[in-house]
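Engineer: Residue numbers (our numbering): 134 to 362.
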């Protein structure tokens, strides 16, 4: 059933990175259920192809389009946006979900592990954001939405040393989202930017997208009731 407020997104296109499993797959499914065309990308697309078949068999009103993309490679990202532009006109919603964690501490971690995390968690997210905005701008889409799926590691540092560099990349996502909101305001556009860190991300994505265009939800955090920080 279509959620109130989601009607304006029907038949429009959303890009979901890291859609082969977990949060990304759940978000892609939820959007297809709401009648959107969804380009789900990952380095391997077999799981996305299976999900696309499931969505079709279930009779969901939207469509899931699998796309193979290595987000650590800028050329792959640019080729994906070019294909979306030529085949589907462009991106209306960009959901930066893909993330990478390596057990590489600050004092003993490998440089290659740090680079892998930075390239996917920070650079790929930034490139997708830039290209999505340019896609919206060139088509005069003024109600688009860019959603960054983050982690509580982007708001607090925990004692486990193996995630300290990962946490730094997630703090970067927090800062990038806030900076993006500032730049969108400067550009005098109604395109919105949101950072999500809840447990049920798929439901939160639908909630954020269903809010009226004049409402800006910048950040959602959900914690257990007993957690005070």
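Glycine is no exception: its CB is placed at the ideal position from the N, C-alpha and C atoms.
1. Kindly confirm or deny that the region 295 to 308 and the region 274 to 285 touch, where touching means at least three C-beta pairs closer than 8 Å.
2. In its own chain, which residues sit with a C-beta less than 8 Å from the C-beta of residue 357, not counting the 5 before and 5 after it?
3. According to DSSP, simplified to helix, strand and coil, what is residue 171?
4. Return helix, strand or coil for residue 244, following the three-state DSSP convention.
5. Roughly how many angstroms lie between the CA atoms of residue 195 and residue 239, to the nearest whole one?
6. Roughly how many angstroms lie between the CA atoms of residue 316 and residue 252, to the nearest whole one?
7. Let's test the definition: count the other Cβ atoms within 10 Å of the Cβ of residue 320 and tell me whether it reaches 16, buried, or not, exposed.
8. Among 169, 176, 291, whose alpha-carbon lies nearest the alpha-carbon of residue 153?
9. Distance, Cα to Cα, residue 165 vs residue 241?
10. Which same chain residues end up closer than 7 Å to residue 218 when comparing Cβ atoms and leaving out the 5 residues on each side of it in sequence?
11. Is residue 149 helix, strand or coil when you go by DSSP?
12. With a threshold of 7 Å on Cβ separation, who are the neighbours of residue 246 within its own chain once the five nearest residues in sequence on each side are excluded?
13. Rounding to the nearest angstrom, what Cα-Cα distance links residue 192 and residue 208 in this structure?
14. Can the beta-carbon of residue 274 be found closer than 7 Å to that of residue 203?
15. Name the one or two DSSP bridge partners that residue 200 has.
16. Here's the rule I'm using: 16 or more other beta-carbon atoms within 10 Å means buried, otherwise exposed. How should residue 144 be labelled?
17. What's the C-alpha gap between residue 327 and residue 344?
18. Between 157, 339, 231, which has its C-alpha nearest residue 260's C-alpha?
19. Using the Cα positions of residue 359 and residue 293, report the straight-line distance between them to the nearest angstrom.
Structural biologist: Walking through what the data contain:
1. Counting C-beta pairs closer than 8 Å gives three or more between the region 295 to 308 and the region 274 to 285, which meets the contact rule.
2. Bear in mind that the predicted position of residue 357 carries a pLDDT of just 37, short of 50, making it too unreliable to give a figure here.
3. strand
4. Of the three classes helix, strand and coil, the one that applies to residue 244 here is helix, per DSSP.
5. 44 Å
6. 22 Å
7. exposed
8. That would be 176, whose Cα lies nearest to the Cα of residue 153.
9. Rounded to whole angstroms, residue 165 to residue 241 spans 43 Å at the Cα level.
10. Cβ-Cβ distances below 7 Å link residue 218 to 268 in the same chain, with the five nearest sequence neighbours on each side left out; the list follows chain order.
11. strand
12. 235, 237
13. 35 Å
14. Not a contact, by the Cβ cut-off of 7 Å.
15. Listed as beta-bridge partners of residue 200 by DSSP are 174.
16. exposed
17. Distance between the alpha carbons of residue 327 and residue 344: 12 Å.
18. 231
19. Residue confidence is low: residue 359 scores 36 on pLDDT, short of 50, so the model does not pin down where it sits. No coordinate-derived value is stated.
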